[in-house]
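Below: one structure, written as structure tokens.
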Amino acid sequence: MKTCSQCQVKYPDVLEFCPRDGTPLPSLPGGAQPSYDPMIGTTIDGRYAIESRLGEGGMGIVYKARHVLIDKPVAIKILRKEAAQDTASVQRFIQEAKSASKINHSNIVDITDFGVLPDGHAYFVMEFLQGQTLAQAIQDGPMDPIRVCVIGAQMARGLHAAHQKGIVHRDLKPENV
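Numbering (our numbering), first residue to last: 164 to 340.
Here you go:
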């Protein structure tokens, strides 16, 4: 948050001038870019309060959210604006949600809900997984061979379950494990 030196009102980092009096707002330290995301702090369908951004991929942005009625953390993937305008991308997104929800396996993330925002962006709700991704784990350097085997076996079990349902995972990468 940036604070106006004249009126002392706080504003989101994305603003450069005070809306009240036009005073230039202070720059972010180290020339950092503002990290304003309009979804954070909103509630989807009266049920899911968006808390933070977890990551993003080619088709969508993933957020950590909380189911407001049962106070349960969830992850929500929202289709990107560019992809939402492409019929084929929307169909792939819907198919991703349908496919994952059919597998029902401990090594595959569970999809629990699906919807469309008022602005037309499709989203689906997944179980929130605590911990680091494989991409984060391998940044720490070489992994213990036994840990690699355990992770590989879990991946193989999940892929086997998907294949038994006729589903082929087209985006297997460390960020998704």
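Beta carbons are placed, not taken as given, at the ideal position from N, Cα and C, and that holds for glycine.
Proximity to residue i [Cα-Cα], best of the options
i: D249; options: G221, I239, P281; result: G221
i: D200; options: V172, D303, I241; result: I241
i: E290; options: G304, T275, V279; result: T275
i: R243; options: T296, V311, D307, A285; result: A285
i: K227; options: T206, E245, A247; result: T206
i: N339; options: V253, Q299, V288, S168; result: Q299
i: I213; options: F287, P189, C170; result: F287
i: P281; options: M202, H332, P308; result: M202
Extent of the continuous alpha helix (DSSP H) to which residue i belongs
i: F256; result: 250-266
i: K240; result: Premise fails: K240 lies in the beta strand (DSSP E), 235-242, not in any alpha helix (DSSP H).
Whether residue i touches residue j by CB criterion (8 Å)
i: G283; j: D208; result: no
i: I271; j: G321; result: yes
i: I309; j: S262; result: no
Beta strand (DSSP E) segment containing residue i, residue limits
i: L322; result: Careful: L322 lies outside any beta strand (DSSP E), inside the alpha helix (DSSP H) at 308-327.
i: I301; result: Note, I301: premise wrong, no beta strand (DSSP E); alpha helix (DSSP H) at 297-301.
i: E163; result: The shown model of the chain, from 164 to 340, leaves out residue 163, and the question about it has no answer.
Sufficient close CB pairs (3 or more, under 8 Å) joining the stretch 264-278 to the stretch 322-330: Flag = yes, the stretch 264-278 and the stretch 322-330 touch.
The stretch 307-324 in contact with the stretch 228-247 per 3-pair CB rule at 8 Å: Counting C-beta pairs with one atom in each stretch, the stretch 307-324 and the stretch 228-247 have fewer than three that are closer than 8 Å, which means they do not touch.
Contiguous beta strand (DSSP E) assignments of at least 3 residues, all confined to the stretch 193-222: Counting only runs of 3 or more residues that sit fully inside the stretch 193-222, the beta strand (DSSP E) segments are 211-219, in chain order.
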